[in-house]
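Trainee: Below is the structure I would like to discuss, written out as C-alpha cells.
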Amino acid sequence: MLLSTSQSLLSNNSANNELYCPSLFDNLCWPQTRANHLITISCSSLAMPGVDESKFVTRDCLSTGEWSSVSYESCIYPDIWDSVKKFYMIRVVQLRKPYTDIFQAVRIIELMGLSVSFISILVSFIIFFNLKNRSHYYNHTKIHFNLLLTILIQVIARIINYGIQVKKSKSSSQIESIQCSVDESIHIHETSSILKNMCPLILIFSQLSITSMFMWMLSEAIYLNNVITFRPYYKSSTTSYFYILGWFVPFCITLGWSMIMFIKQHGKKHKCWENYQHLKYFRMIDGPRYVVMIINFIVLLNVIRNLFLKTRYGSEIQIRDA
C-alpha cells in the first residue's frame, strides 16, 4: 500500500532533463532514482513486523519513470511472512480490518489475564506473610515464594511492555502523512527517548524472570525429590544452593545475552530489540530453558517412581503383618 508519493509520478532532472522515479514511501523509503536503474537498500527501516535487519531488497526504476512492483518477502523472517501471507495479504483491504480487530481483542484479553494474575499473586504474597505455622514447611514455602516472585516480575514487565507498544501505536496513528525525502530519510514522529531506553531494560527483566521461573520450578522438583527419597536423612536447612540455581544462574545467563544484544543492536534503528527471538543469540538464553525442562521432567519421573515404590513397600508390610 502506497502511503506517500511525490506530487507527480514522473520527475525530470532539471540539469540534463533525464527521467527519474520520484521518492516514494511504500513501507520503505525509496529515494529518487534515475530511470532504467536498480536500487538496493537495507530492510532495517521497513515499517513492517518481523523484519530481518541484515537483509536487503532491490527495486527497479522503469524506463517510464515509474517504480516496479516489489515484494518484501526477503526482508521478513520466514515464519512471520508465512503467517502474514496466509491470514492477511491474500485478503482484500475490506477483509483485513476484522483480523486487525481480532489481534487487538486478543491483546486486550491477554492484558486482562495479566491483571488477574497480578492480583492473584499479590493475594498469594499476603497469605504467605500471614501463615501462622511456617516452621514445618519453611523451606518449601521459601521456594514457592521465590517462584511467585519471578512470575510477578514477568507479569509487571509484560504489562509495561504492552503499555509502551500502545503508546507507540497511538503515536503512529496520529501521523497524517509520512514524507519520504530525496535523501532517503523519513520524516515521522519519533517515540520519546525514555520509552526507547526502557524497551531493552523491560525485555531484560522479562527474560530474567522467565529463566528464573524455570530454575525455581526445577528447585521445587529437586526439593520434593530429596524429601521423598532421603527422608528422614535429608536436612531441610541445606537449601541455600536453590538461591544460586534460582537467581544467580539466570542472572549470569541473562547478563551474557543482554551484553551481546547491546553490542549487536548498537546503532540500529529499532531500539526495542524487535524480533530478538529470531536472532541466533537468543539460543544463549532459550537453550538452557529447554535443558532445565528436560531435567525437571526426569526428576519428576523419579519422584513418581519413588512414591510408587514406597506405596508398594508399605502395602507389602501391611499384608505381612496381617
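Going from the sequence shown to my numbering is simple: count from 1 and add 10.
A virtual CB, placed ideally from N, CA and C, is assigned to each residue, including glycine.
1. I'd like to know if the segment 166-176 and the segment 211-220 are in contact, where contact means that at least 3 CB-CB pairs between them fall below 8 Å.
2. As a quick exercise: from T160, I136, Q275, R44, pick the residue whose alpha carbon is nearest that of T74.
3. Spatial neighbours of V192 within its chain, please: CB distance less than 7 Å, with the 5 preceding and 5 following residues excluded, ordered by chain position.
4. Are S127 and V176 close, meaning C-beta to C-beta below 9 Å?
5. From S222 to Y87, what does the alpha carbon distance come to, in whole angstroms?
6. Does DSSP put V61 in a helix, a strand or coil?
7. Which term fits N207, buried or exposed, when burial requires 16 or more other beta carbons within 10 angstroms of its beta carbon?
8. Would the beta-carbon of I153 fall within 9 Å of that of Y251?
9. Quickly, what does DSSP pair T5 with across the bridge? List them, please.
10. Please tell me whether N37 and L72 are closer than 9 Å, where the distance is taken between their beta carbons.
11. Where does I127 sit, in a helix, a strand or coil, going by DSSP?
12. Could you have a look at C282 and say whether DSSP puts it in helix, strand or coil?
13. Only counting the same chain, and skipping five residues up and downstream in sequence, which positions put a Cβ closer than 7 Å to that of S183?
14. Answer with buried or exposed for A115, where buried requires no fewer than 16 other C-beta atoms within 10 angstroms of its C-beta.
15. Enumerate in chain order the residues of its own chain whose CB-to-CB distance from T239 is below 6 Å, with the five nearest sequence positions on each side excluded.
16. With a threshold of 8 Å (Cβ to nearest heavy atom), would P41 be considered close to the ligand MG?
17. If you follow the beta strand (DSSP E) that F66 is in, where does it begin and where does it stop?
18. Does T239 get closer than 9 Å to chain D when you measure Cβ to Cβ?
Mentor: Let me spell this out:
1. yes
2. R44
3. Confidence at V192 is low in this model, with a pLDDT of 49, below 50, so the placement of that residue is unreliable and no value is reported for it.
4. no
5. 28 Å
6. strand
7. exposed
8. no
9. The chain is shown from 11 up to 332; residue 5 falls before or after that span and cannot be answered.
10. no
11. Per the sequence shown, the amino acid found at residue 127 is Ser instead of Ile. Of the three classes helix, strand and coil, the one that applies to S127 here is helix, per DSSP.
12. coil
13. In this prediction, S183 scores a pLDDT of 47, lower than 50, which makes its location untrustworthy; no coordinate-derived value is stated.
14. exposed
15. N316
16. Inclusion of the ligand MG in the displayed structure is not the case, the ligand content being empty and no account of it being possible.
17. 66-71
18. No chain D is part of this structure, which consists of one protein chain only.
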